[in-house]
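**Student:**
Residue numbers (the UniProt record's numbering), protein chains in the order written: chain C, 1 to 394; chain E, 1 to 461.
Right under this line is the structure:
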């Protein structure tokens, strides 16, 4: 009974689904040892051809063996079509293995589709890619999480300790280790400046990000009073200058930096009333500080992309407007205007310094009345240009 | 030889399914020790000049060369420094070689406004009949002429010359000698067949899918999925895989994005990102089955100067979860099952190829072994870290297997030394062009190429 089952399966795959059935694909799909899969394929071919000699079935074989070439004994492994099988076998001095590689309905012009089939099936089974193989390695065990963290710290520590006689007496630090601390200490200062500059900048982009992520209740009440600050931090992260800095640093430094930057951002605060949606951000930020590097990277990429969607298309502004509206519902006037010039600002190549910004925003905010959307937009543009000119002067 | 014993069961899988499929256990790692500590850099400082490396090199190799000189030209040979030379006196001088090459690309010439020179296009070889050899020691330098092959030698070699100073101030060389093979290491090799697979130049991310199937076949052979039972049992004897550089293709290094405006390239991703993901998947498949050592190469995302530091494990998240993955430096030195391996990803050999008349990668490899230095042209024409107190590229122990990656084709040779050294020289071919890897048998230091192929539109395989 079981024997018949696999034959039916292969028949279905080949004729009905018109697939290319390689031994590996069959092994993963049916959950059998690779050698059994190869034998199954052979069996199917034999039976099918006995029943119906005109069956549309093309087979590729794997041939491996030794060959004398240039004075060496070369071991050759080749995938060949059925019509070339005997020719290839005759070229080899000794044959080490012959077995069916794949079965398909159509005649293959080249071996590209075979690779694609195998690639796809392996990709979906990466976690147990050696399950059905004929060789088992005892040493291949995944590292425990303790080992992983040890490796990470040893990589950083190893670069700290002078490993060879090239330790300089004056430590001009250029690698990891102490440099990390130095750079992270210096960076927050630079980033702090930016934070102070962009107090209420761009919750929009971070909002985009947070909305894209799961919405969870923020548990950080102390931080909740400084939502824009937090938003700014992440924004400043994803501001170009900050991005460049962060890109320069090595990856292990990023979570450190971000963690450290998140902390100093807390004292830098403009106590403002916090809408819930904005409160999400600080919760997100502290959480994201804990999230692993990969997620950080992907987040940064995402926000970078969203940051880079700086084209003033109405859609973007519409989104921004939506957020402004939400903020408006809970927060003060100041807050609602501050976000809007911010995205424009970030389009400027460098973050403007703090005092100019604040002074500019003050007049901008005072100008704001409970006007329509269009009015706000105009004001946004104006303030941006104002800032730009100011920058030019500076 | 690999898989000779597989022949009886070669056609065994051309049969209906058998009840039990046999699995083989990978040969266990009996003795592995990573000896590439000298190539790992901790804190790096680039504030020093490169003169220190040459000084360290000369100081360290001088005693070796003086010993060789005495062996070759008698115990009574006069060993002089350049400042002690007297005209006409036959003596032996040990020093660093400098080759003054007309065609050597020089940044100063390029930017010199007086000359108004068009920057020289990269040539395959920079040798010229007018090249001159100059011997330098700690204090002085002197031009060499005579029985010395100007075209063959490269800058940075430490050697000893025997001859006399002429009246015109040049040194007439009658004979010369190199440091020769270093002292041998004791043999602790395995008694049964054990293989190490050397692959280099996988060239992922090249945009052309020619060698992708071959790469997959390679992984399948090593992990025991491909082949009949006999071949799989032989593959279980592969105890280690060493990837010797250029895992990524040169195409991933394209710098178009630098020249283009930022707004055009904002959303483009570096080609190496995709390639590294592919590499991660391939390494994962290998790591679940065999210990792998990954050396960086010329086009890989690590530092440019020698010694190249290991790739960072964050780039390979899937594979680095396994303890069988080892990210190592270039050059790499290790004791595998009692056999000392030493090798590079090929930058040292290809650099010497450019500045010497030697054409054969294996010949150059052998020459570096005899000259006692892995990469004499560093730091002159090959980027190198400014070492201060020591030069880690000097060969102190004679390895059993000495390889270089990314050679144009496979070559191997067993070199026997006077003091009983036995070195297997292997020029590992670039897999992306040749689809060939090397299997080294640790029992008898033999090497066999293994090549993979698919079939293409043209009928000839």
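Quick reminder that beta carbons are idealized off the backbone N, C-alpha and C, glycines included.
#1: Which chain E residues are close to residue 112 of chain C, counting only those with a beta carbon under 7 Å from its beta carbon?
#2: Taking 9 Å as the CB-CB cut-off, is residue 13 of chain C touching chain E?
#3: At a Cβ threshold of 9 Å, is residue 105 of chain C touching chain E?
#4: Span of the beta strand (DSSP E) holding residue 159 of chain E?
#5: Any contact between the segment 216-235 of chain E and the segment 285-293 of chain E? By contact I mean 3 or more CB pairs, one from each, below 8 Å.
#6: Name the one or two DSSP bridge partners that residue 397 of chain E has.
#7: Please go through the segment 87-133 of chain C and give each complete beta strand (DSSP E) segment of 3 or more residues, from N-terminal end onward.
#8: Give a yes or no on whether the C-beta atoms belonging to residue 437 of chain E and residue 197 of chain E are separated by under 9 Å.
#9: According to DSSP, is residue 340 of chain E part of a helix, a strand, or is it coil?
#10: By a C-beta neighbour count over all protein chains shown, 10 Å radius and 16 as the cutoff for buried, is residue 174 of chain E buried or exposed?
#11: State the CB to CB distance for the pair residue 97 of chain E and residue 9 of chain E, rounded to an integer number of angstroms; the pair is presumed to be in contact (CB under 8 Å).
#12: Go to residue 265 of chain E, then tell me how far its alpha helix (DSSP H) extends in each direction, as first and last residue.
#13: On the CB-based measure, 16 or more other CB atoms within 10 Å of its CB, does residue 187 of chain E come out buried or exposed?
#14: Note down, in chain order, each residue of its chain lying with its Cβ closer than 6 Å to the Cβ of residue 410 of chain E, except the 5 sequence neighbours on either side.
#15: Measure how close the beta-carbons of residue 62 of chain C and residue 40 of chain C come, nearest whole angstrom, since I'm counting them as under 8 Å.
#16: Taking only runs of the alpha helix (DSSP H) that begin and end inside the UniProt domain "DNA polymerase delta subunit OB-fold" (49-175) of chain E, which ones reach a length of at least 4 residues, in chain order?
#17: Residue range of the alpha helix (DSSP H) that residue 232 of chain E falls in?
#18: For the candidate residues C/130, C/22 and C/45, whose alpha-carbon lies nearest to that of residue 112 of chain C?
#19: Would a C-beta distance cut-off of 9 Å place residue 254 of chain E and residue 228 of chain E closer than the cut-off?
#20: So for residue 74 of chain C, helix, strand or coil by DSSP?
#21: Consider the Cβ of residue 322 of chain C: report whether some Cβ of chain E lies at a distance smaller than 9 Å.
#22: Is residue 332 of chain E near residue 244 of chain E, with beta carbons less than 9 Å apart?
#23: With DSSP run on the structure shown, which of helix, strand or coil describes residue 50 of chain C?
#24: Report the neighbours of residue 452 of chain E on chain C: residues whose CB is nearer than 9 Å to its CB, in chain order.
#25: Within this structure, are the beta carbons of residue 297 of chain E and residue 372 of chain E separated by less than 9 Å?
#26: Counting only beta-carbon separations shorter than 9 Å, does residue 78 of chain E have a partner in chain C?
#27: For residue 46 of chain C and chain E, any beta-carbon pair shorter than 9 Å?
#28: Is it a yes or a no for the segment 191-206 of chain E touching the segment 263-270 of chain E, going by three-plus beta-carbon pairs under 8 Å?
#29: Quick one: does the C-beta of residue 420 of chain E sit closer than 8 Å to a heavy atom of the ligand MN?
#30: Just to make sure I have the definition right: I need the residues of chain C whose C-beta is within less than 9 Å of the C-beta of residue 24 of chain E. Which are they?
#31: Grab me the residues of residue 68 of chain C's own chain with a C-beta within less than 8 Å of its C-beta, minus the 5 sequence neighbours each way, in chain order.
#32: Just to make sure I have the definition right: I need the residues of chain E whose C-beta is within less than 7 Å of the C-beta of residue 126 of chain C. Which are they?
#33: Check whether chain E comes within 9 Å of residue 95 of chain C, counting only Cβ atoms and requiring the distance to be less than that.
#34: Going by DSSP, which residues form a beta bridge with residue 136 of chain C?
#35: Please name the residues in the segment 7-20 of chain E whose beta-carbon is closer than 7 Å to at least one beta-carbon of chain C, in chain order.
#36: Please tell me whether residue 241 of chain C has its Cβ less than 9 Å away from any Cβ of chain E.
**Tutor:** According to the structure shown:
#1: On the first chain, position 112 is the one that residue 112 of chain C refers to. For residue 112 of chain C, the chain E residues whose C-beta falls within less than 7 Å of its own C-beta are 209, listed in chain order.
#2: Within the first chain, residue 13 of chain C is the residue found at index 13, counting from 1. Taking CB atoms only, residue 13 of chain C has no neighbour in chain E less than 9 Å away.
#3: Numbered from 1 along the first chain, position 105 holds the residue referred to as residue 105 of chain C. For residue 105 of chain C, the answer is no, since every Cβ of chain E falls outside 9 Å of its Cβ.
#4: The count along the second chain starts at 1 and reaches residue 159 of chain E at position 159. Per DSSP, residue 159 of chain E belongs to the beta strand (DSSP E) from 158-165.
#5: The segment 216-235 of chain E, when compared against the segment 285-293 of chain E, does touch it at the 8 Å Cβ threshold.
#6: Counting from 1 along the second chain, the entry for residue 397 of chain E is found at position 397. Note: residue 397 of chain E sits in a beta bridge opposite E/183.
#7: List check, beta strand (DSSP E) in window: 94-104.
#8: For the purposes of this step, residue 437 of chain E is taken as the residue at position 437 of the second chain. For the purposes of this step, residue 197 of chain E is taken as the residue at position 197 of the second chain. Taking 9 Å as the Cβ cut-off, residue 437 of chain E and residue 197 of chain E qualify as a contacting pair.
#9: Counted from its first residue, the second chain places residue 340 of chain E at position 340. Here residue 340 of chain E sits in strand by DSSP.
#10: For the purposes of this step, residue 174 of chain E is taken as residue 174 along the second chain, with counting starting at 1. The residue is exposed, with fewer than 16 neighbouring Cβ atoms inside 10 Å.
#11: Position 97 of the second chain holds residue 97 of chain E. Position 9 of the second chain holds residue 9 of chain E. About 56 Å; that fails the 8 Å criterion.
#12: As a working mapping, residue 265 of chain E is identified with position 265 in the second chain. Looking at the DSSP string, the run of the alpha helix (DSSP H) that includes residue 265 of chain E is 262-265.
#13: Residue mapping note: residue 187 of chain E aligns to position 187 of the second chain, counting from 1. That one is exposed.
#14: One-based indexing of the second chain puts residue 410 of chain E at position 410. If you ignore the 5 residues before and after residue 410 of chain E, its C-beta comes within less than 6 Å of the C-beta of 429, 436 and 449, all in its own chain and listed in chain order.
#15: Locating residue 62 of chain C in the first chain gives position 62, counting from the first residue. Locating residue 40 of chain C in the first chain gives position 40, counting from the first residue. About 15 Å separates the two Cβ atoms, so there is no contact after all.
#16: The alpha helix (DSSP H) runs lying completely inside the UniProt domain "DNA polymerase delta subunit OB-fold" (49-175) of chain E and spanning 4 residues or more are 51-73 and 107-111, given in chain order.
#17: For this step, residue 232 of chain E is matched to residue 232 along the second chain. Unbroken alpha helix (DSSP H) run through residue 232 of chain E: 229-235.
#18: To locate residue 112 of chain C, count along the first chain from 1; it is residue 112. Closest by alpha carbon: C/22.
#19: One-based indexing of the second chain puts residue 254 of chain E at position 254. One-based indexing of the second chain puts residue 228 of chain E at position 228. The answer is no: Cβ separation not under 9 Å.
#20: Your numbering for residue 74 of chain C matches position 74 in the first chain. In this structure, residue 74 of chain C counts as strand in the three-state DSSP scheme.
#21: Translated into positions along the first chain, residue 322 of chain C becomes position 322. The predicted model places residue 322 of chain C with a pLDDT of 49, which falls under 50 and marks its position as unreliable; any figure quoted below should be read in that light. Not closer than 9 Å to any Cβ of chain E, the Cβ of residue 322 of chain C fails to qualify, so no.
#22: Here residue 332 of chain E is taken as the residue at index 332 of the second chain, counted from 1. Here residue 244 of chain E is taken as the residue at index 244 of the second chain, counted from 1. Going by C-beta atoms, residue 332 of chain E is nearer than 9 Å to residue 244 of chain E.
#23: Locating residue 50 of chain C in the first chain gives position 50, where the first residue counts as 1. In the three-state reduction of the DSSP assignment, residue 50 of chain C falls in the helix class.
#24: Within the second chain, the letter at position 452 stands for residue 452 of chain E. Result: 76, 77, 78 and 79.
#25: For the purposes of this step, residue 297 of chain E is taken as residue 297 along the second chain, with counting starting at 1. For the purposes of this step, residue 372 of chain E is taken as residue 372 along the second chain, with counting starting at 1. Residue 297 of chain E places its beta carbon 9 Å or farther from that of residue 372 of chain E.
#26: If you number the second chain from 1, residue 78 of chain E lands on position 78. Cβ-Cβ to chain C under 9 Å: no for residue 78 of chain E.
#27: Working through the first chain from its first residue, we reach residue 46 of chain C at position 46. It does: the Cβ of residue 46 of chain C has a partner Cβ on chain E nearer than 9 Å.
#28: Look at the beta carbons and you see the segment 191-206 of chain E not touching the segment 263-270 of chain E: under three pairs across the two are nearer than 8 Å.
#29: Here there are no bound small molecules, and the ligand MN is not part of this structure.
#30: Translated into the one-based positions of the second chain, residue 24 of chain E becomes position 24. Contact note: residue 24 of chain E reaches chain C through 134, 135 and 136, using a C-beta cutoff of 9 Å and chain order.
#31: Counting from one through the first chain, the residue named residue 68 of chain C turns up at place 68. For residue 68 of chain C, where only same-chain residues beyond five positions count, the Cβ hits under 8 Å are 74 and 93.
#32: Residue numbering aside, residue 126 of chain C sits at position 126 when the first chain is read from its first letter. The answer, in chain order, is 281, 284 and 318.
#33: Taking the first chain and counting its residues from 1, one reaches residue 95 of chain C at position 95. At a cut-off of 9 Å between C-beta atoms, residue 95 of chain C counts as an interface residue with respect to chain E.
#34: Taking the first chain and counting its residues from 1, one reaches residue 136 of chain C at position 136. Residue 136 of chain C is bridged to E/25.
#35: Cβ contacts with chain C: 7, 10, 11, 13, 14, 15, 16, 17 and 18.
#36: Position 241 of the first chain, counted from the first residue, corresponds to residue 241 of chain C. Reliability fails at residue 241 of chain C, whose pLDDT of 48 lies under 50, so the model's placement of it is uncertain and no value is given.
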